[in-house]
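Q: Just passing along the structure, written as structure tokens.
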Amino acid sequence: MNVNGRAVTADVEPRTLLVHFLRDDLGLTGTHIGCETSYCGACTVIVDGRTAKSCTMLAVQADGAEITTIEGLAADGELHPVQEGFWERHGLQCGYCTPGMIMSAVGLLSENPDPSEDEIRHGIEGNICRCTGYHNIVRAIEYAAAKMRGEEPAPAEWETQEVTA
Amino acid sequence: MFPRSFEYVAPADLAEAAEALASAEFAKVMSGGMSLIPMMKLRLLSPDLVVDIGKIRGLDQIEDRGDAIAIGALVRHAQTAASDAVPAALRTAAAWTGDTQVRNRGTTVGSVAHADIAADQPAAVLALGATMVARSASGTREIPADEFFVDALTTALEPGEILAEIRIPKAGGGSAYEKLGRRGGHTDYAVAGAAAWVQRSNGSISDCRVALTGVGTKPTLAEGVAEALIGTDGSASAVEAAAARATEGVTLLEDLYGSEEYKAHLAKVMTARALTQAIANA
Amino acid sequence: MSTTSVLGGVVKRREDPALIQGTGLYVDDVKLPGMLYAAFVRSPFAHARITSIDASAALAMEGVEAVYTIDDVRHLGPVLAQVPIGKVRPLLADGVVNHVGEAVAMVVAKDRYLARDAADAVEVDYEPLPAVVDLKEAATDQRKVHDDLESNILMTWEAGPFGDPDAMAETRRKIDEAKARDDTVVVSIEAVNQRLIGTAIEPRAVLADWNPGYGRFTVYSSTQIPHALAGAIAKTFGVTYNDVHVVAPEVGGGFGLKLNIYNDEILVAFASQKLGHPVKYTESRRESPNSTIQGRGWIATATLVGTRDGEILGYELHGLCDMGAYSQNFTVAIPFLGVFVASGQYKFPTHVKLDCVATHTMTTDAYRGAGRPEAIYYLERVIDAYARKIGMDPAEVRRKNYIPADAFPGAISPVGFAMDTGDYAKALDALVESDGYREMLAERDRMRAEGKLAGVGLSTYVEVCGFGPSGLVDLGFSWSEYGAPSAFSGSGLVRVNPDSTVTVIIGTGPSGQGHQTTWSQIVADQLGIPLERIRVIHGDSEESPFGVGTFGSRSAAVDGSATFEAAQKVRAKAAKIAAHLLEASEEDIQFADGGAFVAGSPDQTVSWEEIATVAYQPHRLPEGVEGGLEAHAIFSPANATWPFGAHAALVEVDGDTGDVRLLRYITVDDCGNVINPMIVDGQIHGGLAQGIGQAMFEEAVYDADGNLLTGSLLDYVLPTAADLPSFELHRTVTPSDINPLGVKGIGEAGTIGSAQTVVNAVVDALEPLGVEHVDMPLRPKRVWQAIQDAKGGN
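Protein chains in written order, with our numbering: chain L, 862 to 1026; chain E, 58 to 339; chain W, 43 to 836.
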């Protein structure tokens, strides 16, 4: 298979899950594991252009596939707009769900460059975050979508917040 | 968690796959793996052999065969959901299956073959009167949807048979799928779901099929509903009267998501909603 | 406060670059040479006698290094609870199992897959015993959970006020009198505050490495309390605190779940010492609900008596709190945190009595809010019911019964606790006078006119956090039982390095709260050194000053204050040096823009580089000034802090299915001064999602035999992005007077304020149908059933 632009060849036990192959064999520990029932989405990577949960794939299923993990997203030291959006809009707290969430957002925006809030929320339904309440994740993806369309992202909410002293 | 050890083959065509399937005591076919792999990880299922049909070429097509739409074994939920050729009931059921990642890898045919009691697409193919095309080492067998779903996670597929294709008759009419998901709204497995297909002629309902999911031990045809609706004008009151018969003959199953009473009620609500939409689509 | 100043301004998080690129280090990412993997054999029974354990098949597997049972580790003794009341969990089941999932044996093998295979191959024979699962049944003591305990009721917390029996008797008399009056209204609600499985997305993981040459353990653990863990390991193995080095790297969510010393942390250390290899254990999600603590689990009756014009004359909260089978860290102390806030922000006489009851289920302990969401839930549900009963606006009823702003400082709550600062009406008014709230009411009325079931719910809250004070030690709040005598004070060390960068070393570590950013802001503000030259180190028991950990919304208020004071000390010393170099008076030195200058003469400056250089070259220092430029401070607060706020929700209910949709959510939270509004908002967002999660989705369900039916994420429903709206946040600022930063803490407020807000909204929506209460979680089946029951009652 090809991972983040690098050809990788290995013999693995059939039962080896793709996520374990990425983490344990290739040392790409940015892809995380949060459950075993394909619910949390922390293990999301892009396989042949579409998002997939790497804990619900055997490594052997990915034979010959093109895989992008969180480590392969930034190009030449430049953050991907989705990564930038997560940073700019506080789209993460503990960071554990973040790689999977970012990969899902990348997948979403590749199919729908101008999603509504509702489309974003449904698009990342397969990724659970326990820290952010998703609010700022949605803002982060809106930021990235605007950037990727070449538009100026909306100002951050805290720039307009009112406080009663 | 981690699956137990197993042998793995990725055959190049269906004939080879059928042969491999017949070679082991306990073999499972894997297409997307969205149902199988979690069960293997939880060690609820530990096959000796996994036959991965994922590498077989040509199975990932939705084809118009004139009298039927054929859905190949590797057509993903996302493809089904996005295809204009697919009737609305199945399209909607596919769109409401799992989440984005699951829809990217899981297959319509795989979901139907897995026959989870709360899955969406089995009800849709049942309501649409599909034909299941099974492939084995000894050839091809066609199974009407009405005979396909036997029990929870159990279908009419024999050991050694692969569900290779689902054919949906191009019967015209309108169809729809409605559900209440476990998470609420349309998300997650169905607490109760209803797929409906109706045919109208000369201002009245000339044919109708409704199938339920989530409420019983298998996807079930609600024959009483069809009986009650056919011949009516399909008005709101006719729909309501027909939907009242949704659970006739259904063995209701209480689970975490609802009592028998609640599920029976939901079956009626979803039936009425699906019928209303199907009639509008007809 | 301006949003551009360093303290109080928005600063992008300094921890994010690693986390968004997948290079953040979590425990399961750490791989050491020769590392082995542990897996556990767990009980399928809630209560059973173990008749035999046969590990021979597992041990015969190639690559399996060991299988341990209690016989191997009994000599180490159990990990004590801080509040050692009830049954302490043995390291592995000792003859009897007391809940499903209790660890019976530990397998160690060369890889994780093999370890699981071997665990499955261990044969354990059980003789099942009757399980006591139902909380009310357990409280009757008809059947005992533990033969050797006198009662299933482990202890009872009672207050009104706390610790004064005479005054409490007087309170009870007043309440009874009020109830007996014929001009009063009594409203009572029995409600379940269900069990929750906290579900940090990072499952717990621990890796221990014993180095016999150094005679030391190195332990990586996803823990909120690294120093306590170091103490517990030292105590267990009879080594010193110096011989244990605990590292908590990135921690993927805490929420109280990682605020325990877990047996697996001790057991991998044991295995590492025995086998001479590092040993790692990573919990699976499926194991987690039975190996990591659960939260909540109360059944209580809230009764309120008041006049028909909204004067509340008394309130009682009487309940049972499910402790599970074993008492761990704070288990029986958690309901006490509910006692703290049982009377909320109100002034009426309150009597609270909570029984802590053992059952054959997993242990409960601190889950986000811990005791406070439960107490506020009951209070704010019953006040809502009372407002409804007397036909008064829910905001008006609350406002009328608040402790007034002029009672501060010095306010003492009816349950007997001194509160720092508060202006409850201000937050409530900010909410009800907001455009958002008015729009919600209008939207509800519009939807109702269309025949929909729509409701608006309101709730206000006060909570207690920022623990300290030190005196809580007497109630068990410390790490003394772990061999690390301590109190809930805070610590911080600030060091200006020779190159004038700053290293800040703190005693608490984040599990997402953004300590690196917030602490940098505190120090940058004091020293005038840019944020990017400040590095914050945490989570390392060896490097950092003793810290009690991150929980109870305490880090900024307590350890942040300590760091603030340490920075002040450094600043004072730097001022001395700068004054010396500038030949000016120390009092005239000010700091800004990377250096010091003389007030009134901005061109008389000296850079931090020069100050640092001189600090590390003592011969250039003024007489009497010691070399180096660092300071440590301990902050011991005089009280906890008491944040408060007001929340409102708009919901729609599908009457045909019982499906609830949360349409809008508005908050006004007051957590005192705010160091970084972006981070504070983020904490509120996350807190809301967990409170709303409890209200609408989450529930740990046990069957009568004690099997957990919601053990995987398939069945334990967590809110996703599609289930929640965007949140509308507002803030009032009432600074705390018990710490120099004036901050209170915001980690739990969102959770404490929200569950009842949503339930109040759903009850409002269903009022036309006659529904008075629906228990959480508001799953469609339950809402539908409530509608049916109300119809049946008509």
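Virtual Cβ for every residue (Gly too), placed ideally from N, Cα, C.
For a contact defined as C-beta to C-beta under 9 Å, what are the partners of GLU694/W on chain L?
A: Within chain L, no residue comes near GLU694/W; the closest Cβ sits about 15 Å away, beyond 9 Å.
Q: Using three-state DSSP, classify ALA303/E as helix, strand or coil.
A: Looking at ALA303/E - three-state DSSP - the assignment turns out to be coil, as it is neither helix nor strand.
Q: Could you tell me which chain W residues have their CB closer than 9 Å to the CB of GLU1003/L, listed as they occur along the chain?
A: Within chain W, no residue comes near GLU1003/L; the closest Cβ sits about 10 Å away, beyond 9 Å.
Q: With DSSP as the reference, label THR46/W as helix, strand or coil.
A: Reliability fails at THR46/W, whose pLDDT of 46 lies under 50, so the model's placement of it is uncertain and the value that follows must be treated cautiously. Three-state result, THR46/W: coil.
Q: Does the beta-carbon of PRO942/L have 16 or more other beta-carbons within 10 angstroms, so that it is buried, or is it exposed?
A: PRO942/L should be labelled buried.
Q: Note down, one range per segment and in chain order, each beta strand (DSSP E) of at least 3 residues found wholly within the segment 876 to 946 of chain L.
A: With a minimum length of 3 residues, the continuous beta strand (DSSP E) runs that stay inside the segment 876 to 946 of chain L are 905 to 908, 911 to 914 and 927 to 929.
Q: Using a C-beta to C-beta distance shorter than 8 Å, which residues of chain E count as neighbours of LEU751/W?
A: Going along chain E in sequence order, the residues near LEU751/W (Cβ under 8 Å) are LEU313.
Q: Looking at the secondary structure, which residues open and close the alpha helix (DSSP H) in which ILE985/L lies?
A: Looking at the DSSP string, ILE985/L is not in any alpha helix (DSSP H), and its letter there is neither H nor E.
Q: Thinking just about the alpha-carbon of each residue, which of ILE110/E, LEU99/E, THR164/E and VAL143/E is nearest to the one in CYS916/L?
A: CYS916/L has its Cα closest to that of LEU99/E, out of ILE110/E, LEU99/E, THR164/E and VAL143/E.
Q: To test your reading of the DSSP string, which unbroken alpha helix (DSSP H) runs of 4 or more residues are found completely within the segment 317 to 359 of chain W?
A: Entirely contained in the segment 317 to 359 of chain W, the alpha helix (DSSP H) runs reaching 4 residues are, in chain order, 330 to 333.
Q: What residues are listed by DSSP as bridge partners for LEU237/E?
A: LEU237/E is bridged to ALA249/E.
Q: Less than 8 Å between C-beta atoms, sequence neighbours within five positions excluded: which residues of the same chain meet that for GLY642/W?
A: Excluding residues within five positions, the ones whose Cβ falls inside 8 Å are ASP630.
Q: So within the segment 474 to 542 of chain W, which uninterrupted alpha helix (DSSP H) runs reach at least 4 residues, ignoring any that extend past its ends?
A: Listed in chain order, the complete alpha helix (DSSP H) runs (minimum 4 residues) inside the segment 474 to 542 of chain W are 477 to 491.
Q: Buried or exposed: ILE454/W, going by 16 or more other Cβ atoms within 10 Å of its Cβ?
A: The residue is exposed, with fewer than 16 neighbouring Cβ atoms inside 10 Å.
Q: Are ASP595/W and VAL578/W close, meaning C-beta to C-beta below 8 Å?
A: The sequence shown places Ser at residue 595/W, rather than the Asp named in the question. Not in contact: SER595/W and VAL578/W (Cβ atoms no closer than 8 Å).
Q: At least one CB of chain W closer than 8 Å to the CB of LEU309/E: is that the case?
A: It does not: the Cβ of LEU309/E has no partner Cβ on chain W nearer than 8 Å.
Q: Could you tell me the distance, in whole angstroms, from the CA atom of ASP71/W to the CA atom of ALA935/L?
A: Taking the straight line from one Cα to the other gives about 21 Å.
Q: Given GLU584/W, which residues of its chain have a CB within under 7 Å of its CB, disregarding the five upstream and five downstream residues?
A: Cβ within range, chain order: HIS287.
Q: For LYS325/E, does the three-state DSSP call read helix, strand or coil?
A: In the structure shown, LYS325/E sits in a helix (DSSP, three-state: H, G or I).
Q: Taking DSSP's pairing of strands, which residues face ASN853/W in a bridge?
A: Residue coverage of chain W in this structure runs from 43 to 836, which leaves residue 853/W outside it and unanswerable.
Q: Does the distance from the CB of VAL48/W to the CB of ALA566/W come in under 8 Å?
A: Contact flag set, yes.
Q: What does DSSP give as the partner residue(s) for SER369/W in the beta ladder?
A: The partner list for SER369/W (beta bridge, DSSP) reads VAL130/W.
Q: Residues bridged to LEU78/W by DSSP?
A: LEU78/W pairs with VAL321/W.
Q: Between the segment 100 to 107 of chain E and the segment 194 to 202 of chain E, can you find at least three pairs of beta-carbon atoms closer than 8 Å?
A: The segment 194 to 202 of chain E is not in contact with the segment 100 to 107 of chain E.
Q: Between the segment 178 to 185 of chain W and the segment 82 to 98 of chain W, are three or more C-beta pairs nearer than 8 Å?
A: Result no; under three Cβ-Cβ pairs closer than 8 Å.
Q: Let me know if GLY913/W comes out buried or exposed under the rule of 16 or more other beta-carbons within 10 Å of its beta-carbon.
A: Residue 913/W falls outside the range modelled here, since chain W spans only 43 to 836, and no answer is possible.
Q: Put PHE297/W into one of helix, strand or coil per three-state DSSP.
A: Coil, per DSSP.
Q: So what's GLU107/W in DSSP terms, helix, strand or just coil?
A: Three-state result, GLU107/W: strand.
Q: So, helix, strand or coil for ILE128/E, using DSSP?
A: Correct three-state label for ILE128/E: strand.
Q: When the Cα of THR304/E is compared with those of ALA295/E, ASP312/E, LEU313/E and GLU318/E, which residue comes out closest?
A: Measuring from the Cα of THR304/E, the nearest candidate turns out to be GLU318/E.
Q: Leaving out five residues before and five after SER230/W in sequence, what residues of the same chain have Cβ atoms less than 8 Å from its Cβ?
A: Hits under 8 Å: THR343, ALA344, THR345, LEU346 and VAL424.
Q: Kindly indicate which three-state DSSP category ARG56/W falls into: helix, strand or coil?
A: Of the three classes helix, strand and coil, the one that applies to ARG56/W here is coil, per DSSP.
Q: Run down chain L in chain order and give the residues with a C-beta less than 7 Å from the C-beta of VAL159/E.
A: Per Cβ cutoff of 7 Å: SER899 and GLY987.
Q: I need the straight-line Cα distance from PRO875/L to SER62/E, nearest angstrom please.
A: Rounded to whole angstroms, PRO875/L to SER62/E spans 7 Å at the Cα level.
Q: Within the 8 Å Cβ cut-off, does PRO511/W reach chain E?
A: No - not a single Cβ of chain E is within 8 Å of the one on PRO511/W.
Q: List the residues of chain L that GLU720/W touches, going by C-beta distances under 8 Å, in chain order.
A: Residue identity differs from the one stated: residue 720/W is Met in this sequence, not Glu. Those are HIS951, ALA1017 and TRP1019, listed as they occur along chain L.
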